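In the numbering used here, the protein residues as written are 1 to 234. By construction, the Cβ of each residue, glycine as well, lies at the ideal position given by its N, Cα and C atoms. Remember, it's a predicted structure, so these values are computed and weren't measured experimentally. Here is the structure we will look at, set down as structure tokens.
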């Protein structure tokens, strides 16, 4: 005989299963990061990944703190809402805002089938897309999924600032990375670029379903480091 207590437990378990993806997408979580330029602390970034049935919602918010906040008042917000089926991600709408004391720029994209309409810095676009095209935020989820599946080729079509771009990643091996949030077993990957003017390297943690725990971006004479300081599963 099923008691009320057992029924409640079964319903709760079913609801939990329905709220999580049924394949290798990263688990829902919130992660907090510190951002540095060289050794100078710039501010914090928070990323939140949530699911509702076959929908995913990924948000990132970066805000200058301390001296950097006094100088720049910099804020970066990024958000994507999308759906998934099997191991395929389908972004629906993407939003990006970067603002400082002096200026701001915004990117809005709506994905419909194999088409993307939107605007970047008030310039409008309507672009036809190949199957499987992602936005910049969904790209992180796709990369994490493919790393977990040990996929050989890490190549993605990405809609970025009104243009269709190709992102290719190169594996750099595994590394034990110690942070203030603990030690992680990471797969290290870098963006393949045609020149050496800039580079971006990710440390993707097995313990977090290959979401990033460290990112280093080098451009001109600047080195921007983003490193995890806390995380919480949902």
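Exercise. For residue 22, does the three-state DSSP call read helix, strand or coil?
Worked result: Any reading at residue 22 is ruled out, since the residue's pLDDT is 45, under 50, leaving its predicted position unreliable.
Exercise. Are residue 188 and residue 208 touching if we call contact CB-CB under 7 Å?
Worked result: no
Exercise. From which residue to which residue does the alpha helix (DSSP H) around residue 133 run?
Worked result: Note, residue 133: premise wrong, no alpha helix (DSSP H); not H, not E.
Exercise. Would you report the Cα separation of residue 111 and residue 92, rounded to the nearest angstrom?
Worked result: 5 Å
Exercise. Exposed or buried, which one is residue 119 when buried takes at least 16 other CB atoms within 10 Å?
Worked result: exposed
Exercise. Thinking C-alpha only, which one of 181, 81, 123 and 113 is nearest residue 136?
Worked result: 81
For this session: Use the C-beta contact count for residue 130: other C-beta atoms within 10 angstroms, 16 or more gives buried, fewer gives exposed.
Result: exposed
Problem set entry | Contacts around residue 115, its chain only, beta-carbon distance under 8 Å, and the 5 residues preceding and following it disregarded | 126, 127, 128 and 129
Exercise. So, using beta-carbon positions, are residue 139 and residue 158 closer together than 7 Å?
Worked result: yes
Exercise. Are the beta-carbon atoms of residue 106 and residue 74 separated by less than 7 Å?
Worked result: no
Exercise. Is the beta carbon of residue 39 less than 7 Å from the beta carbon of residue 227?
Worked result: no
For this session: Could you tell me how far apart the beta carbons of residue 62 and residue 86 are, in whole angstroms, since I believe they sit closer than 8 Å?
Result: So it is not a contact: roughly 32 Å between Cβ atoms.
Problem set entry | Rounded Cβ spacing between residue 134 and residue 89 (contact assumed at less than 8 Å) | 6 Å
Exercise. What residues in its chain sit with their C-beta under 6 Å from that of residue 78, if we drop five residues either side in the sequence?
Worked result: 60, 96 and 137
Exercise. Is residue 66 helix, strand or coil when you go by DSSP?
Worked result: helix
Problem set entry | Neighbour-count burial assignment, residue 180, 16 or more Cβ in a 10 Å radius | exposed
Exercise. Is residue 138 helix, strand or coil by DSSP?
Worked result: helix
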